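Asks: Would you mind keeping the following structure in view while I ask a few things?
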Amino acid sequence: MKIFEKQWALTLLLLPFFKLPFFEHIPSLSFVDSIFDICKIVSAAVIVVSYLNGRKISRIIICIILFELSLFFSTFINNGNYWSQAVNCGTVVSFCMITELAVKKNSRVYFKTVLSIFIPLSIINLLTVFIVPQGLSADSYYGNVYYIIGSRNGLPPVLIPLMVYSFIYSSLSSRKFTVPVLLFTVIVSATILKTWSATGVAGWFIFIAFVILFYRTRLSQLFNSLNLSLIYIAAFFFIIVFRLQTLFSFIIEDMLHKSITFTGRTDIWDIAILLIKRSPLTGYGVYEGHGFIFVRGLYYYSHNVILEVLLQGGVVSLVFYIAIFFTAMANLYRLRQYPVSQLIAFGIFTVFVMMLMEAYFNIWIFALAVIASCAADIAEQTSDSSVGVIEEKGIPLRSRYIYYRLRNR
């Protein structure tokens, strides 16, 4: 449908998904939250109908649907808040559908639309961070402070995926950096450094380091999706399962003056693993407002995305979750010679590095996976477009790559 190539139409459909979290924590503004929810239902209905209109559902969308449904099933059988999970399921699936539709139709319009909505919000958010450092609101359970876009720990998993968006948009202009990208990078950097979530700062640092030192260089192909996936898997077993960080306690504790328990996270992981063993197949469902792990007088989330998926949906949900990102990363590996594929792969890797210590399930994480599945469509619209044309004619990847290198000498 040509409507997904129009910026005004995309803006109307996407705006309801940009509901600002701090509205939920200010009772006097609860009506705004309700208005956003109503608009989101209408927008989601239009998106789903448009997506299903005479087209085959893509593999990655099927994986996302199955993952969300598995969480809903687990929540239902455990008498959890299944209505909330149903709403979340509709939100994630419909946003991923519009992302796929719009990227395939016109990547430039999609990324421009998202950034046109979000950059003004990020500027306002940065102003509130400096003007009202104590936050605009706070939740009643953990006491987390909220700014315009989210809480201190909730800002990085939104800002960093959108920073990936900005660099993809820049690549569509055949340039490494553009003025809007530089502006947004400065805004994101200032926000993350000012609010200082250790996990967010780590994610910000490794992504910025990649962009500055390796992006669009000959070394960038070392950071392909396969290598990055292997690094993440090794890190997961190294830190979460085997706790080998204790071997470096003399560096972590004596030199860096940090705890090898990662601020008590290892205790939470131990409890999470015990709970997972008690209900390994379907987990305990999605719980709202706070986590499922009781320690030090409060309920906490597991502070690791793999453990959190197992807690909420068990092995069933984990299989679908892995399928989502396996599909995404496999596609990126097939197209690993493209700079944009390397960028998306490293963006996903960055988020997963942060999710070693946190558990994020916002729409941007899944949107990155969908974008990864559309990498060929994005490359078709970048400076590598000549390669994509050859791909459509059925010439193998290696031949296509040789052609591209010879053409650009």
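To convert a position in the sequence shown, counted from 1, into our numbering, add 716. C-beta: ideal position from N, C-alpha, C; glycine also. The model shown is predicted, which means the values in this text are computed figures rather than measured ones.
Just the C-alpha distance for I1009 and Y1016, rounded to the nearest angstrom, thanks.
Replies: In the sequence shown, the residue the question calls residue 1009 occupies position 293. In the sequence shown, the residue the question calls residue 1016 occupies position 300. Using only the alpha carbons, I get a separation of about 5 Å.
Asks: Using the three-state DSSP reduction, which class does L899 fall into: helix, strand or coil?
Replies: Translated into the one-based positions of the sequence shown, residue 899 becomes position 183. The answer is helix: DSSP assigns L899 an H, G or I state.
Asks: Can you tell me which of the three DSSP states V848 falls into?
Replies: The residue you call residue 848 lines up with position 132 of the sequence shown. Of the three classes helix, strand and coil, the one that applies to V848 here is coil, per DSSP.
Asks: Along the alpha helix (DSSP H) that carries V1011, what are the first and last residues, could you check?
Replies: For this step, residue 1011 is matched to residue 295 along the sequence shown. No alpha helix (DSSP H) holds V1011; the beta strand (DSSP E) holding it covers 1009-1011.
Asks: Pairing CB atoms from the stretch 958-976 with CB atoms from the stretch 1070-1090, are three or more of them under 8 Å?
Replies: no
Asks: Go ahead and pull the three-state DSSP assignment for Y798.
Replies: As a first step, residue 798 is located in the sequence shown; it is residue number 82 there, counting from the start. Here Y798 carries a helix assignment [DSSP, helix/strand/coil].
Asks: For S867, write down the residues that DSSP places opposite it in a beta bridge.
Replies: By 1-based counting over the sequence shown, the position of residue 867 is 151. The partner list for S867 (beta bridge, DSSP) reads Y862.
Asks: Just mark S744 as buried or exposed, buried being the case when its beta carbon has 16 or more other beta carbons within 10 Å.
Replies: The sequence position of residue 744 within the sequence shown is 28, counting from 1. So S744 counts as exposed.
Asks: Using CA atoms only, rank isn't needed, just tell me which of M813, I1087, P1055 is closest to F930.
Replies: To locate residue 930, count along the sequence shown from 1; it is residue 214. When only C-alpha atoms are compared, the closest one is P1055.
Asks: Indicate whether A854 and Y862 have their beta-carbon atoms separated by less than 8 Å.
Replies: Your numbering for residue 854 matches position 138 in the sequence shown. Your numbering for residue 862 matches position 146 in the sequence shown. Closer than 8 Å, so yes.
Asks: Hey, how far is the Cα of C812 from the Cα of F1036?
Replies: As a working mapping, residue 812 is identified with position 96 in the sequence shown. As a working mapping, residue 1036 is identified with position 320 in the sequence shown. Distance between the alpha carbons of C812 and F1036: 15 Å.
Asks: Would you tell me roughly how many angstroms separate the C-alpha atoms of F834 and S936, rounded to the nearest one?
Replies: As a first step, residue 834 must be located in the sequence shown, where it is residue number 118. As a first step, residue 936 must be located in the sequence shown, where it is residue number 220. Those two C-alpha atoms are separated by around 28 Å.
Asks: Could you pull out every residue in the same chain whose Cβ sits closer than 6 Å to the Cβ of K910, ignoring the five residues on either side in sequence?
Replies: On the sequence shown, residue 910 is found 194 positions in, with the first residue counted as 1. Around K910: V845.
Asks: Run the CB neighbour count on S975, radius 10 Å, all protein chains shown included, and call it buried at 16 or more, exposed below.
Replies: Residue mapping note: residue 975 aligns to position 259 of the sequence shown, counting from 1. By the neighbour-count rule (16 or more Cβ atoms within 10 Å), S975 is not buried but exposed.
Asks: Please go through the same chain and pick out, in chain order, the residues whose beta-carbon is closer than 8 Å to the beta-carbon of L785, but skip the five residues on each side of it.
Replies: On the sequence shown, position 69 is the one that residue 785 refers to. Answer for L785: C805, listed in chain order.
Asks: Select from V1086, V748, I793 the residue whose C-alpha is nearest the C-alpha of L740.
Replies: Along the sequence shown, read from residue 1 onward, the residue named residue 740 stands at position 24. Just to set this straight, residue 740 is Glu in the shown sequence, not Leu. Minimum Cα distance to E740 is reached at V748.
Asks: In or out: T998 buried (at least 16 other Cβ within 10 Å) or exposed?
Replies: Counting from one through the sequence shown, the residue named residue 998 turns up at place 282. By the neighbour-count rule (16 or more Cβ atoms within 10 Å), T998 is buried.
Asks: Buried or exposed, going by whether 16 or more other CB atoms sit within 10 Å of the CB of S750?
Replies: Here residue 750 refers to the residue found at position 34 when the sequence shown is read from its first residue. S750 comes out exposed.
Asks: Counting Cβ pairs, one atom from each stretch, are 3 or more of them under 8 Å apart for the stretch 781-800 and the stretch 983-1002?
Replies: yes
Asks: Any idea if G770 is buried or exposed, counting beta-carbon neighbours within 10 angstroms, 16 or more meaning buried?
Replies: Looking up residue 770 in the sequence shown gives position 54. Exposed, by the Cβ-count rule.
Asks: Taking 8 Å as the cut-off, decide whether the C-beta atoms of L1072 and I955 are in contact.
Replies: On the sequence shown, residue 1072 is found 356 positions in, with the first residue counted as 1. On the sequence shown, residue 955 is found 239 positions in, with the first residue counted as 1. Against a cut-off of 8 Å, the Cβ pair of I955 and L1072 comes out as a contact.
Asks: On the CB-based measure, 16 or more other CB atoms within 10 Å of its CB, does V830 come out buried or exposed?
Replies: Your numbering for residue 830 matches position 114 in the sequence shown. V830 comes out buried.
Asks: My guess is that S1033 and L787 are in contact by the Cβ rule of under 8 Å, so how many angstroms apart are they, rounded?
Replies: Residue numbering aside, residue 1033 sits at position 317 when the sequence shown is read from its first letter. Residue numbering aside, residue 787 sits at position 71 when the sequence shown is read from its first letter. About 6 Å separates the two Cβ atoms, so the contact holds.
Asks: Quick one: any contact between the stretch 717-724 and the stretch 759-770, if contact means 3 or more CB pairs under 8 Å?
Replies: yes
Asks: Quick one: grab the DSSP three-state call for S853.
Replies: Residue numbering aside, residue 853 sits at position 137 when the sequence shown is read from its first letter. DSSP places S853 in strand when its eight states are reduced to three.
Asks: Got a sec? Which residues, its chain only, sit under 7 Å from Y1098 by beta carbon, not counting five neighbours each side?
Replies: Taking the sequence shown and counting its residues from 1, the one referred to as residue 1098 is at position 382. With the sequence shown as reference, residue 1098 is identified as Thr, and Tyr is not the correct amino acid for it. Hits under 7 Å: S887, L888, S890, V1056.
Asks: Just verifying my parser: in three-state terms, what is the DSSP assignment at L1014?
Replies: The count along the sequence shown starts at 1 and reaches residue 1014 at position 298. In this structure, L1014 counts as strand in the three-state DSSP scheme.
Asks: Would you mind giving the Cβ-Cβ distance between I903 and L990, rounded to the nearest angstrom? I have them listed as a contact below 8 Å.
Replies: Start at 1 with the first residue of the sequence shown, and residue 903 comes out as number 187. Start at 1 with the first residue of the sequence shown, and residue 990 comes out as number 274. Actually they are not in contact, since the Cβ atoms of I903 and L990 sit about 42 Å apart, beyond 8 Å.
Asks: What does the Cβ neighbour count give for F964, buried or exposed, with the cut at 16 atoms within 10 Å?
Replies: Within the sequence shown, residue 964 is the residue found at index 248, counting from 1. It is exposed - the Cβ of F964 has fewer than 16 other Cβ atoms within 10 Å.
Asks: So is G1063 buried or exposed if we call it buried at 16+ other beta carbons inside 10 Å?
Replies: Within the sequence shown, the letter at position 347 stands for residue 1063. With 16 or more other Cβ atoms within 10 Å, it is buried.
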